[in-house]
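In the numbering used here, the protein residues as written are 6 to 315.
From the three backbone atoms N, C-alpha and C, an ideal C-beta is built for every residue, glycine too.
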Ligand SMILES: [Zn+2]
Ligand SMILES: [Zn+2]
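Written out as structure tokens, the structure is:
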């Protein structure tokens, strides 16, 4: 595996970085691949390359000293924190519920219009390092990021497990339009959901996944900058339920990477409920918290760090 004895493993199993760089200069596993090699093979090679020759943290640019398939340093990983505070018991938005039981809190939006899902929860805020790791998977093609994100999702699913009240829900990842999926090579929501289910199965929680229960039948333009009404209009007719018989009377757990405005998961939930679902729960890795005043500053800092690192 490691050629010419150039890469030295220390007693702790860590790569000697100087040795790795030398070996890299002489024989790069990536430079040896010809243009005709398909994307999957290139991705596998890149992943192997990161494992053999740790470079820089893709979030902060620090030199990596530990061998890992995920090119993110310990400091950045430790920066990922689960949500803490009071949240809307329906949609998961941050609420400032002084003197109220956190479970009883319902945000202004949900008071005005009850969402079609029974409950939406997220692992963390769509900020800082968590946003960085999500971007590595989605835009940086760093598939090992799904391992970490799936772990977060598994923990969040376990948190709301008591709400399932004994009936095991069917897990449905938010689908991508086939063109988008082909372009990216994977659906990040499905990838994360599959990892989470594996983690849960190891803890004795068995959930069934049906990734083709919902289908995205047309491409949709970006939701950014649209009003609430425009976002809903943009998604109208984008999804279709493929297997109504499988849904009838069942609880559904819709999984996505990010809950931004909730329009996408609401549209999926609406269709699933109309198709006969008993209840729909929504679990995402991250959530945009409107109440977080530090959000914009933190996001800018991470984008700058990522730009500097690449
Ligand atoms: Zn870092
Ligand atoms: Zn709410």
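1. Do residue 282 and residue 255 have their CB atoms nearer than 8 Å?
2. Take the Cβ of residue 164 as the centre, count every other Cβ of all protein chains shown within 10 Å, and call the residue buried at 16 or more, exposed below.
3. Please say whether residue 257 and residue 276 have beta carbons closer to each other than 8 Å?
4. Once the 5 residues before and after residue 295 are set aside, which same chain residues still bring their CB inside 6 Å of it?
5. CB residue 100 to CB residue 112, shorter than 8 Å?
6. Any heavy atom of ligand 2 inside 7 Å of the beta-carbon of residue 278?
7. Would the C-beta of residue 294 count as close to ligand 2, meaning under 7 Å from any of its heavy atoms?
8. Can you give me the Cβ contacts of residue 250 inside the same chain, cut-off strictly under 8 Å, excluding the 5 residues immediately before and after it?
9. Sorry if obvious, but does the Cβ on residue 111 come closer than 7 Å to a heavy atom of ligand 4?
10. Can you tell me which of 225, 292 and 173 puts its alpha carbon nearest to the alpha carbon of residue 202?
11. Assuming the contact rule is C-beta atoms closer than 8 Å, residue 152 and residue 200 should be a hit. Round their C-beta distance to whole Å, please.
12. Classify residue 80 as buried or exposed, calling it buried when 16 or more other Cβ atoms lie within 10 Å of its own Cβ.
13. Is residue 274 near residue 122, with beta carbons less than 8 Å apart?
14. Does the distance from the C-beta atom of residue 158 to that of residue 260 stay below 8 Å?
15. Tell me, to the nearest whole angstrom, how far the beta carbon of residue 264 is from that of residue 232; I am working on the premise that it is less than 8 Å.
16. Going by alpha carbons, who is nearest to residue 267 out of 222, 197, 65 and 179?
17. Please name the residue in 269, 229 and 139 whose C-alpha comes closest to that of residue 243.
18. Can you give me the start and stop residues for the beta strand (DSSP E) that residue 230 sits inside?
19. Please classify residue 193 as buried or exposed, where buried requires at least 16 neighbouring CB atoms within 10 angstroms.
20. How far does the beta strand (DSSP E) with residue 220 in it reach, from first residue to last?
21. Please work out which residues of its chain come closer than 6 Å, Cβ to Cβ, to residue 47, disregarding the five sequence neighbours upstream and downstream, and give them in chain order.
22. Mind checking whether the beta-carbon of residue 95 lies closer than 7 Å to any heavy atom of ligand 2?
23. With a threshold of 7 Å, establish whether the CB of residue 85 neighbours any heavy atom of ligand 1.
24. Regarding residue 232 and ligand 1, is the C-beta to nearest heavy atom distance less than 7 Å?
25. Is it buried or exposed for residue 139, if we count other Cβ within 10 angstroms and need 16 for buried?
26. Among 167, 238, 246 and 235, whose alpha-carbon lies nearest the alpha-carbon of residue 2?
27. Quick check on this structure: which residue in 162, 95 and 205 has the alpha carbon closest to the alpha carbon of residue 117?
28. Roughly how many whole angstroms lie between the Cα atoms of residue 169 and residue 71?
29. Using a Cβ-based criterion (distance less than 7 Å to any ligand heavy atom), does residue 64 qualify as near ligand 1?
30. Using three-state DSSP, classify residue 70 as helix, strand or coil.
31. Mind checking whether the beta-carbon of residue 272 lies closer than 7 Å to any heavy atom of ligand 1?
32. Indicate, with yes or no, if ligand 1 has a heavy atom lying under 7 Å from the CB of residue 147.
33. Less than 7 Å separating the Cβ of residue 72 from some heavy atom of ligand 1?
Per the coordinate set shown:
1. Yes; because the gap between Cβ atoms is below 8 Å, this pair is in contact.
2. With fewer than 16 other Cβ atoms from the protein chains shown falling within 10 Å of its own Cβ, residue 164 counts as exposed.
3. No, they are not a contact pair.
4. Excluding the 5 residues flanking it on each side, residue 295 has no same chain C-beta neighbour closer than 6 Å.
5. Between residue 100 and residue 112, the gap from beta carbon to beta carbon is short of 8 Å.
6. Because no heavy atom of ligand 2 lies under 7 Å away, the Cβ of residue 278 does not count as near it: no.
7. With a threshold of 7 Å, the Cβ atom of residue 294 does not count as near ligand 2, since no heavy atom of the ligand is closer than that.
8. Answer for residue 250: no residue qualifies.
9. Although ligand 4 was asked about, the structure shown includes only ligand 1 and ligand 2 as ligands.
10. Nearest C-alpha to residue 202: 173.
11. Their Cβ separation, rounded to whole angstroms, is 6 Å, which keeps residue 152 and residue 200 in contact under 8 Å.
12. A residue is called buried once 16 or more other Cβ atoms fall within 10 Å of its Cβ, and residue 80, having fewer, is exposed.
13. The criterion of a C-beta distance shorter than 8 Å is satisfied by residue 274 and residue 122.
14. Yes. Within cutoff.
15. At roughly 18 Å, the Cβ-Cβ gap does not stay under 8 Å, so residue 264 and residue 232 are not in contact.
16. With respect to the C-alpha of residue 267, the residue from 222, 197, 65 and 179 having the closest C-alpha is 179.
17. Nearest of 269, 229 and 139 to residue 243, Cα basis: 269.
18. Taken as a continuous stretch (DSSP letters only), residue 230 belongs to no beta strand (DSSP E), as it is neither H nor E.
19. By the 10 Å Cβ count, residue 193 comes out buried.
20. Here the beta strand (DSSP E) through residue 220 covers 219 to 221.
21. Excluding the 5 residues flanking it on each side, residue 47 has no same chain C-beta neighbour closer than 6 Å.
22. Yes - ligand 2 has a heavy atom lying nearer than 7 Å to the Cβ of residue 95.
23. No, the Cβ of residue 85 stays beyond 7 Å of every heavy atom of ligand 1.
24. No, Cβ of residue 232 sits at least 7 Å from all heavy atoms of ligand 1.
25. Within 10 angstroms of the beta-carbon of residue 139 lie 16 or more other beta-carbons, which makes it buried.
26. Nothing can be reported for residue 2: it is not among the residues displayed for the chain, which extend from 6 to 315.
27. Of the listed residues, the one whose Cα sits closest to residue 117 is 95.
28. Cα to Cα, the separation comes out at about 40 Å.
29. In this structure, residue 64 has its beta carbon less than 7 Å from a heavy atom of ligand 1.
30. In the structure shown, the three-state DSSP call for residue 70 is coil.
31. Incorrect: residue 272 has no Cβ contact closer than 7 Å to ligand 1.
32. Every heavy atom of ligand 1 is 7 Å or more from the Cβ of residue 147, so no.
33. Residue 72 Cβ: outside cutoff for every heavy atom of ligand 1.
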